[in-house]
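J.:
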Amino acid sequence: ILDSNPNHSTALHLLGMIAHQGGKNNLAVDLITKSLAIKPDYAEAHSNLGRVFQDLGKLDDAINSFQKALALKPAYANAYNNLGTAFRNLGQLDDAVESYRKALAINPDFAEAHSNLGLTLQDLGRLVEAVASHHKALSLKADYAELHNNLGVALSALGRLQDAVASYRKALSYKPNYAEAHYNLGNTLKDLGKPDEAVRCYHRALDLNPGSVDANNNLGNALKDLDRLDDSLASYRKALDIKD
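The sequence shown runs contiguously to residue 278 in the numbering used here.
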């Protein structure tokens with residue numbers, strides 16, 4: 035298309051998104067910006083430009099792009115969800131909550147927005163509300179391991195440790211090589227006074243992600259609880275080596 039019409043805004047936008055998917059974010063910005071120079075009222079292109087800026091860490095530019103998209107297309111749930119994530123990454127948590135709620139007012143079955151709202155409510159310490167949001171996300175997308183893991187983190191913070199264990203195990207049933215869920219499960223089992231089971235979880239997490247300082251450190255703590263002091267010291271040393 036571009037050979038016959040180099041000013042084809044849709045084609046430029048599409049090429050920009052292909053560049054973005056390939057990790058060529060600066061090229062993506064150039065292509066999508068050219069698309070918008072031709073068609074300034076292209077809401078989807080503004081929103082996708084915002085996503086690219088987000089990946090580049092240019093959060094103010096991302097927010098500006100999402101807001102332009104929403105000015106053109108007020109009932110744009112994806113743009114509100116992306117705007118919420120940019121606000122969350124900037125630490126503007128109340129603005130993030132408001133954006134996610136606007137996304138959900140437009141699309142109540144938007145599992146990702148329910149999950150993102152839950153994570154932001156967790157950041158705010160509003161754990162009961164966070165659990166409710168994670169449950170809603172899972173009612174829409176029950177086979178998504180990350181959602182079960184996020185629910186586990188909120189339940190654990192509430193002190194509902196057995197329920198958290200069940201959530202982490204559910205996450206691992208869908209994604210057995212999920213290092214973060216193995217690590218979180220280990221932490222919760224240790225808090226339940228089961229250091230032997232925790233050790234197995236930390237070892238599995240470290241098989242998958244050997245460079246985790248926290249997993250090495252917490253493995254050391256669990257081994258110390260089991261009076262395996264030499265092994266404990268070795269784990270602490272690994273954690274320190276990685277930090278250095």
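Beta carbons: idealized from backbone N, C-alpha and C, even for Gly. These numbers come from a predicted model, not from an experiment.
#1: Let me make sure I understand the geometry here. Which of 269, 181, 126 and 195 has the alpha-carbon closest to that of residue 207?
#2: Please state the DSSP three-state secondary structure of residue 236.
#3: Inspect the beta-carbon positions of residue 77 and residue 70 and report whether they are closer than 7 angstroms.
#4: What does the alpha-carbon distance come out to for the pair residue 133 and residue 170?
#5: Where does residue 283 sit, in a helix, a strand or coil, going by DSSP?
#6: Where in the region 148-235 do unbroken runs of the alpha helix (DSSP H), each at least 4 residues long, occur, reported from the N-terminal end onward?
#7: Would you tell me roughly how many angstroms separate the C-alpha atoms of residue 103 and residue 155, rounded to the nearest one?
#8: Rounded to a whole number of angstroms, what is the C-alpha to C-alpha distance between residue 58 and residue 138?
#9: At a cut-off of 6 angstroms, would you count residue 73 as near the ligand GTP, judging by its Cβ distance to the nearest heavy atom?
#10: Do you know whose CA, among 219, 178, 236 and 168, lies nearest residue 266's CA?
#11: Using a Cβ cut-off of 7 angstroms (strictly closer), state whether residue 196 contacts chain B.
#12: With distances taken from CA atoms, which of 49, 120, 75 and 55 is nearest residue 66?
#13: Answer with buried or exposed for residue 105, where buried requires no fewer than 16 other C-beta atoms within 10 angstroms of its C-beta.
#14: Using only the alpha-carbon positions, how far apart do residue 135 and residue 278 sit?
#15: Report the option in 224, 233 and 204 whose CA atom is closest to the CA atom of residue 178.
#16: Mark residue 176 as exposed unless 16 or more other C-beta atoms lie within 10 angstroms of its C-beta, in which case mark it buried.
#17: Flag this pair as touching only if the region 240-259 and the region 215-222 have three or more C-beta atom pairs under 8 angstroms; answer yes or no.
#18: Put residue 126 into one of helix, strand or coil per three-state DSSP.
#19: Cα-Cα, which of 250, 191, 245 and 209 is closest to residue 222?
#20: How would you label residue 264, buried or exposed, when you count the other beta carbons within 10 angstroms and need 16 or more for buried?
#21: Quick check on residue 193: buried or exposed, where buried means 16 or more other Cβ atoms within 10 Å of its Cβ?
#22: Exposed or buried, residue 125, counting other C-beta atoms within 10 Å across all chains shown (16 or more means buried)?
#23: Compare the Cα-Cα distances from residue 122 to each of 143, 142, 91 and 198 and report the closest residue.
T.: Looking at the atomic coordinates:
#1: 181
#2: Of the three classes helix, strand and coil, the one that applies to residue 236 here is helix, per DSSP.
#3: Result no, Cβ atoms of residue 77 and residue 70 do not sit closer than 7 angstroms.
#4: 17 angstroms
#5: Only positions 35 to 278 of the chain appear in this structure, which leaves residue 283 out of reach.
#6: Considered as a whole, the region 148-235 harbours 161-174, 179-191, 195-208 and 213-225 as its complete alpha helix (DSSP H) runs of no fewer than 4 residues, in chain order.
#7: Residue 155 has its alpha-carbon roughly 25 angstroms from the corresponding atom of residue 103.
#8: 31 angstroms
#9: This structure lacks the ligand GTP; in fact it carries no ligand of any kind.
#10: 236
#11: You won't find chain B in this structure, because it holds only one protein chain.
#12: When the alpha-carbon of residue 66 is set against those of 49, 120, 75 and 55, the nearest one is in 49.
#13: exposed
#14: Residue 135 and residue 278 have their C-alpha atoms spaced approximately 42 angstroms apart.
#15: 204
#16: exposed
#17: Between the region 240-259 and the region 215-222 there are three or more inter-stretch CB-CB distances shorter than 8 angstroms, so the stretches are counted as touching.
#18: coil
#19: 191
#20: exposed
#21: exposed
#22: Counting C-beta atoms within 10 angstroms of its own C-beta, residue 125 has fewer than 16 neighbours from the protein chains shown and is therefore classed as exposed.
#23: Looking at the Cα atoms, 91 is the closest of the given residues.
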